[in-house]
Amino acid sequence: MKFPIPYSLKQVAAIINTRYVGAEDFPVLGMNEIHVVEHGDIVFVDHPKYYDKALNSKATIVLINKEVDCPDGKALLISDDPFRDFNTLTSFFRPFEKSLNTISPTAKIGAHTTVQPNAFIGNNVVIGEHCTIHSNVSIYDNCVIGNHVTIHSGTVLGGDAFYYKNRSTGYDKLLSGGRVVVEDYVDIGALCTIDKGVTGDTTIKKGSKLDNQVHVGHDTVIGEKCLIASQTGIAGCVVIEDEVILWGQVGIISGITIGQKAVVMAQSGVSKSLEGGKNYFGSPAEEAREKLKQLAYVKQIPSILDKLKDK
18 MKFPIPYSLK QVAAIINTRY VGAEDFPVLG MNEIHVVEHG DIVFVDHPKY
68 YDKALNSKAT IVLINKEVDC PDGKALLISD DPFRDFNTLT SFFRPFEKSL
118 NTISPTAKIG AHTTVQPNAF IGNNVVIGEH CTIHSNVSIY DNCVIGNHVT
168 IHSGTVLGGD AFYYKNRSTG YDKLLSGGRV VVEDYVDIGA LCTIDKGVTG
218 DTTIKKGSKL DNQVHVGHDT VIGEKCLIAS QTGIAGCVVI EDEVILWGQV
268 GIISGITIGQ KAVVMAQSGV SKSLEGGKNY FGSPAEEARE KLKQLAYVKQ
318 IPSILDKLKD K
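First residue of the sequence shown? That's 18 in my numbering, and the numbers climb one at a time after it.
Put into structure tokens, the structure is as follows:
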């Protein structure tokens, strides 16, 4: 998430009422999670396991809960609770705006696009030309839809990320200030749910097709010309490269990559990154031919046991 204008380190520290290390006029341009940070961004870290990763990332401002040496060219925000303060910044720079209309007056809708009755179009949404948005679709604030896109009934674009911190008082939610971006010639079936990024974009690239009842988690990137069949669940921060096929009821764990032109067969569970250009099956998913051999061997176990009993 980029700020509308550059802020100074001192200004940002005042928003969250915390101490800073660095020049008070040090420029702060935005805020992002560790996997998408850029120069000028704030990243937060609240666990020793990730201190080095955050301090050595592309982020130039680190919101951290420990006194540490400030790396050259960077600044620190010292907080007793970086998770809380990151939420405070999200609320400040991307506050929730209630809608007073079914189609927001700030939404931009291109020529020859049809929005069917009872669809909801939120604030600052951009929809391109020659699109069809069917009834009961909900497109939350700040989503961006390209040209020649079809979205079927009951689909929700821009729901919050499923991201929580376990505290003694219950689960504390990390607020979502990102977007959903859908590129040209994408078809999205009925009853799909595509969550926005925490600070960045959840992206579906040009020409991909989603069947009914597909879930796409926060900050996930789906490449060009992918096919995703019904009841597939994709967790957050997944990268699915171009021309991947996911058949029905595939489940994918967060933070992995599925390589270009991979095919994952129905009811498979993907627990690690998969190389492109191969077919996969099973849970955990493995190369399909090898997995099917394993299943064939398993089926032989009863007959093997019977033979052992006869000896």
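We put the beta carbon where it would ideally sit given N, CA and C, even for glycine.
CB of residue i within 8 angstroms of CB of residue j, strictly
i	j	result
D69	F100	no
A302	V287	yes
L291	F298	no
V256	I221	no
A178	V233	no
N82	D98	yes
G6	D201	Lying before the first or after the last residue shown, residue 6 is absent from the chain, which here runs from 18 to 328.
D323	V53	no
L72	Y37	no
Cα-Cα separation, residue i to residue j
i	j	result
G268	Q311	21 angstroms
K289	R306	18 angstroms
T35	G253	30 angstroms
Y181	S271	14 angstroms
K75	L227	33 angstroms
T219	P134	26 angstroms
Q277	G217	23 angstroms
D204	I120	21 angstroms
H151	A279	31 angstroms
E114	T105	16 angstroms
S247	I262	12 angstroms
H129	E260	29 angstroms
I22	L46	7 angstroms
T167	T149	5 angstroms
V197	V161	6 angstroms
Burial state of residue i, where buried means 16 or more other Cβ atoms lie within 10 Å
i	result
S108	exposed
K213	buried
E84	exposed
Q230	buried
Y24	buried
I245	buried
G195	buried
I211	buried
N118	exposed
F61	buried
Y188	exposed
E50	buried
N183	exposed
I318	exposed
Paired residues, beta bridge with residue i - DSSP
i	result
N296	V280
G127	Partner(s): none; G127 has no beta bridge.
E303	F298
T149	T131, T167
F43	Note: F43 sits in no beta bridge, so no partner.
L291	I275
F137	S155
M48	I59
Neighbour flag for residue i against chain B, beta carbons, 8 angstroms
i	result
G214	Judged by its chain identifiers, the structure shown contains no chain B, having just a single protein chain.
Q.
Suppose only complete runs of 3+ residues qualify. What are the beta strand (DSSP E) ranges in the region 183-230, listed by chain order?
A. You should have 187-190, 196-199, 210-212, 218-221.
Q: Tell me the start and end of each unbroken alpha helix (DSSP H) in the region 50-97 that is at least 4 residues and wholly inside, in chain order.
A: Complete alpha helix (DSSP H) runs here, min 4: 68-72.
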